[in-house]
Amino acid sequence: MKKRVLIISSANMDFVMKVGKLPEAGQTVVETNSYDYVPGGKGANSAVAFARLGGDSIFCARMGNDQHAQRMKALYKDCGIDTRFIKHDRVAPTGLASIIVEGDGANRIVVYPGANMKLSTDDIEDAFTCLPDAVFLHFEIPDSAVIAATQFAKQRKIPVFVDAGPARADYPLDKLGPLEVISPNESECFALTGIQPNDSQNCLKAAFTLMQKVETKYVVIKLGGRGAYIYDGKYAQLLASYEGEVVDTTAAGDSFTAAMTLEYLRTGDIVRAVKYANAVGTMVVGKAGASSSIPDAAQVDEFIRSRGIVL
Ligand code: RIB
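The letter at position 120 of the sequence shown is residue 900 when you use the working numbering, and the numbering goes up by one with no holes.
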């Protein structure tokens, strides 16, 4: 049986520019690379990943009533995502992200959230009627929505997985209901704990600090090219990522956390789930774009087989 995951999160249209050199303040840089509009948003990227990797992906979000929303929803339907719980706001536009991708694949993102910030507690309560096996969240929607989602899940005994992006220092982690996993990347980890996870000692300090702020079974810190760090309050383990070309890191974190969640739901094994997610992350950074760079389950299986990875 496929695992049913309710993703309560954001949808953005990404305006992506690939640049050789970032402009200084006051400087204009003329680029010969092309630009593109590609469907993105942390929630939507994860929803696409859940669907492509073999989950039942149910997406609860708010978009505008505009052309971006039409194009994005068509993609979700193509991927087999359940779009029943996507609401169209009559006033706010679909979220927009401005993304600059540098030559080494690193990205800088500014999000104009638009309709994402209108996602309401009623929208979320309605979505729980899909009877999910798990709930998956990011912080790109109102704090009140994230808090309500964790409380609804707690009442229904549904496990909650949180990708802690985008994070800020004053995020009300103490208001969240119990989590199965919280997974920040390096900058989100620093924002939430004040500790840079730059070596194993600091990873442990940061993960421990995070566990004091929020009730969670596991902390999984995404460390980009270094892999991912798992902590369960007693044991810690760094799982290295795999070698590969870095073209564009956009959506790598969103797909990593979705892949980890799905494999964990399928097997109950967090170490295996993180190894699987490391494979997905390596594949995503090797291609340009957000949702367009996410592989399907057969491609991931082939990657794992061809690299001789033992899960
Ligand atoms: O994590 C990548 C995503 O962050 C982009 O697709 C952008 O829309 C922002 O939400």
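Think of the CB as a built atom: it goes at the ideal place given N, C-alpha and C, for glycine as much as any other residue.
VAL999 is positioned such that its CB atom lies closer than 7 Å to that of ILE962.
Comparing alpha carbon positions, the residue from LEU899, ALA895, THR901, GLY875 closest to ILE889 is GLY875. With fewer than 16 other CB atoms across the displayed protein chains lying within 10 angstroms of its CB, THR808 is exposed. Annotation: the continuous alpha helix (DSSP H) that includes PHE1036 extends over 1032 to 1047.
When DSSP assignments are scanned along the segment 813 to 874, the uninterrupted stretches of beta strand (DSSP E) that are 3 or more residues long and fall wholly within it turn out to be 815 to 820, 836 to 843, 866 to 868. Contact fails between the segment 918 to 929 and the segment 851 to 860, because fewer than three Cβ pairs, one in each stretch, are under 8 Å apart. Taking all protein chains in view, the Cβ of THR973 is crowded by 16 or more other Cβ atoms within 10 Å, so the residue is classified as buried. Under the three-state reduction of DSSP output, THR989 falls in the helix class.
In chain order, PHE932 place their CB closer than 7 Å to the CB of GLU905, counting only its own chain and leaving out the 5 sequence neighbours on each side. The alpha-carbon separation between GLY860 and PRO1075 amounts to approximately 14 Å. Assignment of LEU786 by DSSP, reduced to helix, strand and coil, places it in the strand class. Going by DSSP, ASN792 is part of the beta strand (DSSP E) stretching over 792 to 799. Counting only residues of its own chain and dropping the five nearest sequence neighbours on each side, GLU1023 has a CB closer than 8 Å to the CB of THR1062. At a Cβ-Cβ threshold of 7 Å, THR1041 and ALA1070 do not count as neighbours. LYS937 carries a coil assignment under DSSP once its states are collapsed to helix, strand and coil.
Under a 10 Å Cβ-count criterion, TYR815 is classified as exposed, with fewer than 16 other Cβ atoms of the shown protein chains found around its own Cβ. Rounded to whole angstroms, the separation of the alpha carbons of ALA1068 and ALA1038 is 19 Å. The C-alpha of SER826 is placed about 19 Å away from the C-alpha of GLN850.
Its Cα nearest to that of ILE938, the residue THR930 stands out among ALA1020, LEU956, THR930. Cβ atoms of LYS783 and ALA914 come within 8 Å of each other, at about 7 Å.
Under the 10 Å beta carbon count, VAL818 is surrounded by 16 or more other beta carbons and is classified as buried. In the displayed model, GLU960 falls within a strand according to three-state DSSP. Residues of the same chain with a CB within less than 7 Å of the CB of PRO873, apart from the 5 flanking positions on each side, are GLY844, ASP846, GLY894, ALA895 in chain order. DSSP places ALA1070 outside any alpha helix (DSSP H), giving it a letter other than H or E.
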